[in-house]
Amino acid sequence: MPNHNVFNDNDQPMSVEMTNTFRSPDITAPPELDASESAVLYSANASASATVVLSLISAIISVRINNPAGSGRTVYISRITGSIGGSSLLSAMSGTFTIVRGGTLTSPAALPPVNNNLASAAASSMTVQSSTAAISGGTVLNSYQMAPGSFSQAFTGSIIVPPGSSLSAGVTSSSSAVGLVITSALSLTWWES
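Each residue of the sequence shown is one higher than the one before, counting from 7 in this note's numbering.
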């Protein structure tokens with residue numbers, strides 16, 4: 007077998023062929039599946055509503071996940087989802103979604119993390135809080151303009167929150183349709199290892 011490579015062709019810069027024929031066909035799954043089976047995949051959800059009483063009003067929801075300094079755990083952000091909507095005219099509504107490294111919440115309320123493995127009683131080591139005020143301070147990682155409806159931003163562990171640090175996310179919806187209700191919702195999903 008001259009000029010035949012055992013694992014890959016010469017022109018392939020990385021391993022692209024399956025070498026274990028026992029597992030053929032190849033089956034892959036996102037890391038969240040393993041995290042959920044290991045009972046370390048968690049989520050936290052919050053929402054806020056407001057009635058438009060003047061020419062413009064906002065409904066704000068902010069969530070902060072804090073990894074305590076001595077936790078011995080690292081947080082990997084899986085996904086952030088949310089929505090803006092309500093009974094307001096969609097054409098009179100807009101919104102923003104922001105992710106902030108660090109940040110502070112005004113008048114925060116405890117938000118209990120839920121284990122996504124429903125057969126497990128394991129609890130998260132993180133402190134999670136929510137607020138109906140905008141995030142102050144911190145460093146903006148991402149900021150998006152939003153149209154009415156839902157959104158889902160997958161990170162698959164690419165945002166890492168080590169011990170002694172925190173991450174905040176916020177959704178703001180605004181409307182000029184007086185007398186109608188607007189709602190902002192936000193959900194964070196992460197795993198710990």
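Where is the CB? At the ideal position from N, CA and C, for every residue including glycine.
By a C-beta neighbour count over all protein chains shown, 10 Å radius and 16 as the cutoff for buried, is residue i buried or exposed?
i           : result
residue 82  : buried
residue 195 : buried
residue 59  : exposed
residue 30  : The pLDDT assigned to residue 30 is 49, lower than 50, so where the model puts this residue is not dependable; a value taken from the coordinates is nonetheless given after this. Classification of residue 30: exposed, given that the 10 Å Cβ count is below 16.
residue 146 : exposed
residue 149 : exposed
residue 65  : buried
residue 119 : buried
residue 50  : buried
residue 143 : exposed
Using CA coordinates, which residue listed in the options is at the minimum distance from residue i?
i           : options              : result
residue 75  : 84, 192, 133 and 179 : 133
residue 178 : 39, 35 and 63        : 63
residue 4   : 182, 39 and 73       : Residue 4 lies beyond the residue range present for the chain, which begins at 7 and ends at 199; the question has no answer from this structure.
residue 98  : 192, 189 and 180     : 180
residue 114 : 149, 84, 70 and 151  : 70
residue 169 : 190, 79, 141 and 124 : 79
residue 172 : 159, 111 and 155     : 111
residue 153 : 103, 40 and 42       : 103
DSSP puts residue i in a beta bridge; with which residues?
i           : result
residue 101 : 152 and 179
residue 92  : 188
residue 145 : 107
Within this structure, are the beta carbons of residue i and residue j separated by less than 7 Å?
i           : j           : result
residue 176 : residue 37  : no
residue 67  : residue 190 : yes
residue 45  : residue 128 : yes
residue 52  : residue 188 : no
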